[in-house]
Amino acid sequence: MSDRVFLQLENLTRLFAGTPAVRDLSVAIAEHEIVTLLGPSGCGKTTTLRMIAGFEQPDSGRVVLEGRDVTRLAPQKRGFGMVFQHYALFPHLSVGANVAFGLEASGFGKAEIAAKVERALERVRLPGTEQRSIGSLSGGQQQRVALARALAPEPRVLLLDEPLSNLDAALREQTRRELRSLVKEIGITTVYVTHDQEEAFDLSDRIAVMQAGRLNQLGPAEALYHRPATEFVATFLGRAGAVDARAQTPIDGESLRCRLPGDVVWSALSPASGASIEPGDGTRLRVRPEALRFAPPGSEGALSAKVADRRFAGSVYIYTVMVEGGELEVQAGADAARLGDAVGVAPRAAPDGIFAFPLRQPADA
Amino acid sequence: MITTATRRRRLSPRARILTLAVFALLLWAVVYPNLVVLVESVGGDSGITLRHYAEFFATPAELRALWSSVWISAATVLLSALIGIPLAFLFARFEFPGRRVLGALAAMPVLLPPLVGVIAILFLYGESGIATRTLQSALGLESPPWRMQGASAILAVHAYSMYVYFYLFALAGLARLDPAVHEAAASLGAGRFRTLTRVTLPLLTPTLAGAALLTFMTSMASFSAPYVLGGGFRVMTTQIFSSKLQGATSMAMVETVMLASVSLLVLWPLSRWEGSREYVAPGKGTRAPRLPVKSRWAVIGVPLIAAAGVAVLVLPHLTLLLVSFVPDGSWTTQTLPPQYSLENYAQLFTEARTLRPIVNSLLAASAATFAAVALAIAVGQLVVRWRVRGARVLEGLLAVPWALPGTVLAIALATTHSVSQPWAGRFVLVGSAWILVLAYTLRVLPLTGRAITAGFRQTDPSLEEAAATLGAGAWRTLRRVTIPGLLPAIAAGASLAFVTGLGEFVASIVLYTHRTRPISIEILSQLRDFDLGAAAAYGVLLMVIVALAFTLGQRWIQGGREQPL
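Here the protein sequences come in this chain order: A and B.
If you're matching positions, the first sequence starts at 272 in our numbering and goes up one per residue.
If you're matching positions, the second sequence starts at 11 in our numbering and goes up one per residue.
The structure is reproduced here in structure tokens:
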């Protein structure tokens, strides 16, 4: 991955009937990079992708490719490949004709097209399927043909709109791996849209988390998980219980001390967004289950709690505990506590996995 | 994820010109002639006058004709519903031997163009019809047991030819219903009757309203049955025709305006009802299981009743076929025709005089089909894909001729295009074949337009977007992706247009000349000459072409779905 900016989204805003679907979104994507737009339905991620593709015109802002403004360029002139959610394969054309479609439009000769189609189909592990009809393919095969079709004309950017959402769980994971290695092998700059965090973690170099049309945070998966910029990011990526607290004193630029009910003091990471929490401010702590442990009630730093739920989660158990001013989750072993037990919960290695957020998010404007 | 097709796109200058051209063309063809009629209906020697309207309302015969049109249409809706809906339930919900074949045969009346249906029924149940004479001789009566004339005859023909709307609509509606709603009703303890009245029928209401609307409008516009069977009983369409024939031009204009107004008056509330609620089953694709008929009585009874019902529906077709083999003048007072030969068919294709109408109809129907399909594709692109300003108006313009009876349309065209005022968009088309082509195009435009715009709506716009990301321009996308995807809709729209044009009678009778006469007019004149065999042979020919067009259209519709290259 080079650091040179290849595709830049500058202050993109798109209004639908007066309400912004995307607000002031800026993302700089490097060459060969895979960036995922991640967020719940209606967060504006697909609209953003469609603005990159040219199907939507931003009300303000620009799409810049290699320093050239392509905002007003027609989709067919951008040279971007796209895989659609429902694949949008041409049902009246054979597999081969589908893959050849983009090559014909760019004026290659017959023999050259045939060779490129063959190679594109080999690349997605569907060699020799040129004559097959689209209807005779399984969902996974259709997805791969759609990918082959998008890649065959050697586009400069690959756009993927939830391409795995129509596959069943097992197939999705396998296809995800293949997709990543193929895209990495070709080295194509890719924008991927999904609402599935696991997909985003698995595929992306960087993830842009969107909520209500806004970019919440942009960064590698680990950074987003371990240092979420907003409460939304903390809860959307991974599990996080919540408890209300009051800010005491900053420890350093990174963390601060917070007082919890029962005069318990925990240290927590201060917001990565740069929002300031002043001493004495009310704050909400978001806590990862693996950042907590059970401790004897009343012991040092232990918050008194009552076990309300216990769930099996594969290798570990997740306990839901009620505390004053919130509800936390604790990851522990099978026999760590029983339902209804009065227990104490304490941080394992504060401030890791404990995030302080201002009680009120800065008002949307 | 919400597809974002609800927003308007910026149009290129070329697209704008196309939009304006389509708008202008539709306004000229669809709206303008009607305005001319409206203007002429208040035209007098000295400016605007309501004299003709006053005359209309002062003439009892006129008011009677208007009232007849309305009550006949209402009664037709009722009768058609009573036949069509139970039949649809029978074939959709029960499993019994012969269900498939009988179910398909139940739609047979569609194969008969309006005039052909009327003469087939005349041959069967008319005063000297086969069924009438059979009954008469069996009972030893002096005179025929009934006379196929007047309001009851018109109603019988209407019910016979229009119950199909209810049948097909209800069948389609039942197929679309999610079977889970019935299962849900049953799981909540509702019995069959309760499920029917509380769940099934309410869900079918919009569909049935659509059928009622179609039946009412078709009946208001009906000309063949009242013209041939009415006797002294006049409805508005025949009234207009006779005014025109007698040269009472102003009165014909007023009558035309009145018929159009009443039709629109009914159309408006009914179409709102139809559009108000649309229930679509989520795409699970499972069909409600048909109940096997179990009780011993029903095992024999249901197929028998179904078969008997279908026999009644198919008898006119068989009669037409039989009569088409009867040589000229050989069938007089016998119950069944005594002689049969292929003479009529041989004559049809060998004599220039009899071949001419066939050629005329084929040419005019083909031209109208082509024009309607092209126009519908243009409108579909503008309305569904580009979402141009005024899209709703544009789509409405396509549908306008549907609301106007064929007689109204024909009078409007004949009035508008009988003078040469090119600057006012009026050309002398009367007397040429072009006015028939124009009339046919307008008559088929609503159905063809609906089929094709629906096709546009059903095709996934992301196919076209995919083509764009692959570098295909507008023209290439249209040719390689849009039109191939639309083939089923085009096939449906075109076959409908073609069969309608081929058998067209209502507008033709106002607009034809001897040189341009279509098949339907020729059938009428053969009938007048008592050459029943020749008339029937034309009718059979139409029936066969209609059946062929539907079958081929159907093939093509299915072929378009999946076609490996």
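Built from N, CA and C at the ideal position, the CB exists for glycine as well.
Simplified DSSP state of residue i, which is helix, strand or coil
i, result
"Glu600 of chain A", "strand"
"Thr342 of chain A", "coil"
"Trp156 of chain B", "coil"
"Tyr522 of chain B", "coil"
"Phe106 of chain B", "coil"
"Ile500 of chain B", "helix"
"Val438 of chain B", "coil"
"Gly563 of chain B", "helix"
"Gln349 of chain B", "coil"
"Asp432 of chain A", "strand"
"Pro119 of chain B", "helix"
"Pro291 of chain A", "strand"
"Ser404 of chain A", "strand"
"Ile522 of chain A", "coil"
"Tyr358 of chain A", "coil"
"Pro618 of chain A", "strand"
"Gly350 of chain A", "coil"
"Glu288 of chain B", "The pLDDT assigned to Glu288 of chain B is 49, lower than 50, so where the model puts this residue is not dependable; a value taken from the coordinates is nonetheless given after this. Glu288 of chain B: coil per DSSP, three-state reduction."
"Gly295 of chain B", "Note that Gly295 of chain B scores 44 on pLDDT, short of 50, meaning its location in the model is unreliable and no value can be drawn from it."
"Leu314 of chain B", "helix"
"Leu512 of chain B", "helix"
"Asn44 of chain B", "helix"
"Thr343 of chain B", "coil"
"Leu364 of chain A", "coil"
"Ser538 of chain A", "strand"
"Ile131 of chain B", "helix"
"Leu60 of chain B", "coil"
Environment of residue i [buried if 16+ CB atoms lie within 10 Å]
i, result
"Ala45 of chain B", "Rather than Ala, the amino acid found at residue 45 of chain B in this sequence is Leu. Exposed: under 16 other Cβ atoms inside 10 Å."
"Phe540 of chain B", "exposed"
"Ser541 of chain A", "buried"
"Asn370 of chain B", "buried"
"Trp341 of chain B", "buried"
"His427 of chain B", "buried"
"Lys348 of chain A", "exposed"
"His524 of chain B", "exposed"
"Gly310 of chain A", "buried"
"Trp433 of chain B", "exposed"
"Trp307 of chain B", "exposed"
"Trp412 of chain B", "buried"
"Arg343 of chain A", "exposed"
"Ser452 of chain A", "exposed"
"Thr296 of chain B", "Legend: pLDDT at Thr296 of chain B = 49, less than 50; position of this residue unreliable, value from coordinates given subsequently. By the neighbour-count rule (16 or more Cβ atoms within 10 Å), Thr296 of chain B is not buried but exposed."
"Ala518 of chain A", "buried"
"Glu361 of chain B", "exposed"
Partners in chain B for residue i, counting only beta-carbon separations shorter than 8 angstroms
i, result
"Met593 of chain A", "Within 8 angstroms Cβ-Cβ: nothing; Met593 of chain A doesn't reach chain B, min ~37 angstroms."
"Phe355 of chain A", "Ser472, Glu475, Ala476"
"Pro424 of chain A", "Leu480, Gly481"
"Ala359 of chain A", "Asp470, Ser472, Leu473, Glu475, Ala476"
Residues that residue i contacts on chain B, provided the C-beta gap is smaller than 9 angstroms
i, result
"Gly352 of chain A", "Thr479, Leu480"
"Ala324 of chain A", "Glu475, Ala478, Thr479"
"Gln279 of chain A", "Under the 9 angstroms cutoff, chain B gives no residues; its nearest Cβ is about 20 angstroms from Gln279 of chain A."
"Gln482 of chain A", "By Cβ distance, chain B contributes nothing, its closest Cβ being about 15 angstroms from Gln482 of chain A, past 9 angstroms."
"Gln347 of chain A", "Ala477, Ala478, Thr479, Leu480, Gly481, Ala482, Gly483, Ala484, Arg486, Thr487"
Short CB-CB distance (under 9 angstroms) between residue i and chain D
i, result
"Leu497 of chain B", "Absent from the structure: chain D. Protein chains present are A and B."
Interface residues of chain B facing residue i [CB-CB closer than 7 angstroms]
i, result
"Phe565 of chain A", "Within 7 angstroms Cβ-Cβ: nothing; Phe565 of chain A doesn't reach chain B, min ~42 angstroms."
"Ser377 of chain A", "Gly481"
(request) With 7 angstroms as the limit, tell me which residues of the stretch 397–419 of chain B have their beta carbon closer than that to any beta carbon of chain A; keep them in chain order. (result) none
(request) Identify each residue in the stretch 456–477 of chain B for which the Cβ-Cβ distance to at least one residue of chain A is less than 8 angstroms, and report them in chain order. (result) Those residues of the stretch 456–477 of chain B that come within reach of chain A (Cβ to Cβ, closer than 8 angstroms) are Asp470, Ser472, Leu473, Glu475, Ala476, Ala477.
(request) Flag this pair as touching only if the stretch 471–478 of chain B and the stretch 521–541 of chain B have three or more C-beta atom pairs under 8 angstroms; answer yes or no. (result) no
(request) Compile a chain-ordered list of the residues in the stretch 487–521 of chain B whose CB is closer than 9 angstroms to at least one CB of chain A. (result) Thr487, Arg490, Val491, Pro494, Gly495, Leu497
(request) Answer yes if the stretch 231–239 of chain B comes into contact with the stretch 123–139 of chain B, meaning at least three C-beta pairs across the two stretches below 8 angstroms, and no otherwise. (result) yes
(request) Could you run through the stretch 362–393 of chain A and flag, in chain order, every residue whose CB is less than 7 angstroms away from some CB of chain B? (result) Pro362, His363, Leu364, Ser365, Ala368, Phe372, Gly373, Ala376, Ser377
(request) Take every Cβ of the stretch 523–539 of chain A, pair it with every Cβ of the stretch 552–561 of chain A, and state whether three or more of those distances are shorter than 8 angstroms. (result) yes
(message) Using 8 angstroms as the cut-off, can you tell me whether the stretch 292–308 of chain A makes contact with the stretch 452–468 of chain A, which would need three or more C-beta pairs spanning the two stretches below that distance?
(response) yes
(message) Contact between the stretch 23–38 of chain B and the stretch 380–398 of chain B is defined here as three or more beta-carbon pairs at a separation below 8 angstroms; is this criterion met?
(response) The stretch 23–38 of chain B and the stretch 380–398 of chain B touch, with no fewer than 3 CB-CB distances between them shorter than 8 angstroms.
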